[in-house]
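Its first residue numbered 41, the sequence shown is counted upward by one per residue in my numbering. Beta carbons: idealized from backbone N, C-alpha and C, even for Gly. Note sheet for the following structure.
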Amino acid sequence: MHEGQYDRCIEHRDRHGATRLGLMTSYTWHHDPRHLLFTLARYKFVAKLLRGRGRVLEVGCADAFASRIVQQEVGALVAVDLDEAFVQDALGRMQDPWRFDCRVHDLVRAPLAEGFDGAYSVDVLEHIPPADEARFIGNLAASLGEGGVAVVGTPSLESQVHASVASREGHVNCKNAGALRECLGRAFRDVFVFSMNDEVVHTGFDPMAQYLMALCVGRR
Numbered sequence: 041m042h043e044g045q046y047d048r049c050i051e052h053r054d055r056h057g058a059t060r061l062g063l064m065t066s067y068t069w070h071h072d073p074r075h076l077l078f079t080l081a082r083y084k085f086v087a088k089l090l091r092g093r094g095r096v097l098e099v100g101c102a103d104a105f106a107s108r109i110v111q112q113e114v115g116a117l118v119a120v121d122l123d124e125a126f127v128q129d130a131l132g133r134m135q136d137p138w139r140f141d142c143r144v145h146d147l148v149r150a151p152l153a154e155g156f157d158g159a160y161s162v163d164v165l166e167h168i169p170p171a172d173e174a175r176f177i178g179n180l181a182a183s184l185g186e187g188g189v190a191v192v193g194t195p196s197l198e199s200q201v202h203a204s205v206a207s208r209e210g211h212v213n214c215k216n217a218g219a220l221r222e223c224l225g226r227a228f229r230d231v232f233v234f235s236m237n238d239e240v241v242h243t244g245f246d247p248m249a250q251y252l253m254a255l256c257v258g259r260r
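See below:
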């Protein structure tokens, strides 16, 4: 390398290989690169909210490419997804020191009653049919231990007029801020909803939010 400090990049590649993008992340990087930035920003916000928590659960991890952003801030991470193809992809790409527990699990069917200190679910709730919503949220709360908190991120209902065809195919349960607060409030005593546009989290006017992030405290 022209500048010697970058030799470490070559050394890292030769020793560990180049990191591969995940199954979903690779598709996103090919079709809509800037959307990957938005996804990573959502995980960064989750990581800040859960920083210092001991054992944390991710629900709906997909290929788990961004999961290490949260893993970097917590004691231990357990990630689950109902699709075995995603879990196998995530396991196949894991490298030291970023290995974590990744499993196939459907939270609609049952909680993971392991007393987690925190849990989060990003871009999942909008895929849960309304008929299954109460079980999903209830099982998320039931997976937490005493004092555990949850973070839920989902596209806003208002954003769907701008969503791609591919996104709208799977988005069967988008909500506005009020509906999200009410939904999560059935399982948690306090729900704090933040607005998000692209990679920016703010406290602006809810109907102008492209995305919603909710911090849920005190399971009922």
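Compare the C-alpha of residue i against each of the options and name the closest.
i	options	result
GLY178	ASN237, GLN250, CYS223	CYS223
PHE245	SER196, HIS202, GLU239	SER196
ARG93	VAL162, ASP103, ALA116	ALA116
LEU97	ARG143, HIS56, HIS70, HIS52	ARG143
ARG259	ALA130, LEU122, LEU180	LEU180
LEU255	GLY225, PRO247, MET248, GLU239	GLY225
GLY132	LEU61, ARG82, PHE228	LEU61
ARG208	ASP146, THR194, LEU220	THR194
GLY155	ASP123, LEU184, ALA87	LEU184
VAL257	VAL231, VAL240, GLU239, THR243	VAL231
Given that a residue counts as buried once 16 or more other Cβ atoms are within 10 Å of its Cβ, and exposed if not, what is residue i?
i	result
HIS42	exposed
ALA153	exposed
LEU77	exposed
SER204	exposed
PRO137	exposed
MET64	buried
PRO151	buried
GLN111	buried
MET248	exposed
ASP72	exposed
With DSSP collapsed to three states, give me the class of residue i.
i	result
PRO151	coil
GLY94	coil
ARG143	strand
GLY210	helix
GLY178	helix
ALA104	coil
PHE345	This structure gives no information on residue 345, because the portion of the chain shown stretches from 41 to 260.
LEU61	coil
GLY132	helix
ASP123	coil
ALA203	coil
GLU51	helix
VAL114	coil
GLU43	coil
ASP172	helix
TRP138	coil
Quick one: what's residue i bridged to in DSSP?
i	result
LYS215	SER196
ARG259	PHE228
ASN237	VAL240
TYR160	GLU98, VAL191
TYR251	PRO195, MET236
LEU80	Beta-bridge pairing links LEU80 to no other residue.
LEU184	PHE156
Identify, in the order they occur along the chain, each residue of the same chain with its Cβ nearer than 6 Å to the Cβ of residue i, setting aside the five sequence neighbours on each side.
i	result
SER161	VAL99, GLY100, VAL192
VAL118	LEU97, ASP141
PRO157	The residue you asked about is not Pro; residue 157 is Asp in the sequence shown. Result list for ASP157: ARG93, GLY94, ARG95, GLY188, in chain order.
ARG108	TRP138
ASP146	LEU122
Skipping 5 residues on each side, what residues in its chain have a beta carbon closer than 7 Å to that of residue i?
i	result
VAL127	ASP121, CYS142, ARG143, VAL144
LEU89	VAL191, LEU255
Once you ignore the five residues that flank residue i on each side, which residues in its own chain have a CB closer than 8 Å to its CB?
i	result
ILE50	MET41
TYR251	PHE78, ARG82, GLY193, THR194, PRO195, SER196, SER199, SER235, MET236, ASN237
TRP69	LEU61, LEU76
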